[in-house]
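**Q** Position in the sequence shown counted from 1, then plus 83, gives you the working numbering.
Beta carbons: idealized from backbone N, C-alpha and C, even for Gly.
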Amino acid sequence: MSRERVTPYHFIKAKREGRKLVMVTAYEYFQARLADEAGVDGILVGDSLGMVVMGYPSTIPVTFGQVAHHLKAVLSARPRALVVADMPFLTYEVSRGEAVRNAGRYLKAGADAVKVEGGVEILDKVEAMVKAGIPVMGHVGLNPQRYLVHGLRLRGKTAEDALKVYEDAKALEEAGVFSVVIEFTTAEVAAEVTKALKVPTICIGAGSACDGQILVFHDLVGLNPTPPPFVKKYAEGFEVFRNALKTYVEEVRSGVFPDERHYFRIAPEELARFRELLERRRAPRPSP
Ligand code: KIV
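1. Touching or not, the stretch 309-320 and the stretch 117-133, by the rule of three or more beta carbon pairs under 8 angstroms?
2. Look up residue 205 in the DSSP assignment and give the residues it is bridged to.
3. If we ignore side chains and look at the alpha-carbon of each, how far apart do residue 97 and residue 340 end up?
4. Rounded to the nearest angstrom, what separates residue 260 and residue 345 at their Cα positions?
5. Pick helix, strand or coil for residue 319, following the three-state DSSP scheme.
6. Would you mind working out which of 187, 220, 176 sits nearest residue 127, comparing C-alpha positions?
7. DSSP puts residue 167 in a beta bridge; with which residues?
8. Would you mind giving the Cβ-Cβ distance between residue 269 and residue 237, rounded to the nearest angstrom? I have them listed as a contact below 8 angstroms.
9. Ordered along the chain, which non-local residues of its own chain (more than five positions away) have a Cβ less than 8 angstroms from that of residue 110?
10. Let's see if you can read the secondary structure: which residues bound the alpha helix (DSSP H) around residue 134?
11. Do you know offhand how far residue 262's Cα is from residue 331's?
12. Does the distance from the C-beta atom of residue 252 to that of residue 217 stay below 8 angstroms?
13. Apart from the five residues on each side of it in sequence, which residues of its chain come closer than 7 angstroms, Cβ to Cβ, to residue 180?
14. Rounding to the nearest angstrom, what Cα-Cα distance links residue 167 and residue 343 in this structure?
15. Does residue 264 come out as helix, strand or coil in the three-state DSSP assignment?
16. Return the first residue and the last residue of the beta strand (DSSP E) that residue 298 is part of.
17. Quick check: what's the CA-CA separation for residue 288 versus residue 191?
18. Using a 10 Å radius around the Cβ and a threshold of 16 neighbouring Cβ atoms, would you call residue 338 buried or exposed?
19. For residue 230, tell me which candidate among 144, 124, 367, 101 has the shortest Cα-Cα distance.
20. Does at least one heavy atom of the ligand KIV sit under 7 angstroms from the Cβ of residue 201?
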């Protein structure tokens, strides 16, 4: 695999050439290395870190600083993949200036692009970021940052809702995004959006007609025992790690670990000298 870094331009080119794009989330150095060595096109430092790293019930409490912290860890892996920083709730909605400044801070920290949730309601912010030279990935369909208002329901089940998803995606493309995530949306609607856009659609729980797919790392490797219904687990990570930890606990308690392979010995002559030094140290000192 070539070491040429993936850029937003490569995403658009992949769509033109009919090549599927593959993304995964990652939040730390080894996850980024695993993803990159597996050959993904893009890594999202997702605000899903709220749930899968911090154990929060939603993405709402995630801060600018938390994404910045995990972005740094991911960038330490120097991935070939495009690195996208997810903008947390209320870091881009308030004003165009705030959106540009915050997105710019992620770019200055080393991200290749940012992702924002929403459609027509955030168009002016998206336009401002793109005008400032910031590559932006959109995110339509289910927007977890807005779940308090809209819930976590499947999108595109009615003709009206399908049209709303479609119009959001089209408006984002016009505003200059280089790709659009479509989350938890009926497959037919995601397929129509994919057909209508020149920029690639990256889907999660929205069918197979999209230009690419994205999954959350912990869901994909089975570290999250209760993933969303659209996830395919490619490993039983929770079982594998729990069994490893259980065996470790048993082996320490029974004296099996550590054995000769896991520790190091002092040379016999140094050991003899050490014991001599100990003897001398322990011998009572003559009183003055
Ligand atoms: O934060 C995240 O992980 C995401 C993906 C679900 C697309 O936004």
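**A** On the basis of the supplied data:
1. no
2. None; residue 205 has no bridge partner.
3. 50 angstroms
4. 52 angstroms
5. coil
6. 220
7. 127, 196
8. 7 angstroms
9. 128, 129, 132, 135, 136, 153, 156, 157, 300
10. 132-135
11. 45 angstroms
12. no
13. none
14. 45 angstroms
15. strand
16. 295-298
17. 32 angstroms
18. exposed
19. 144
20. no
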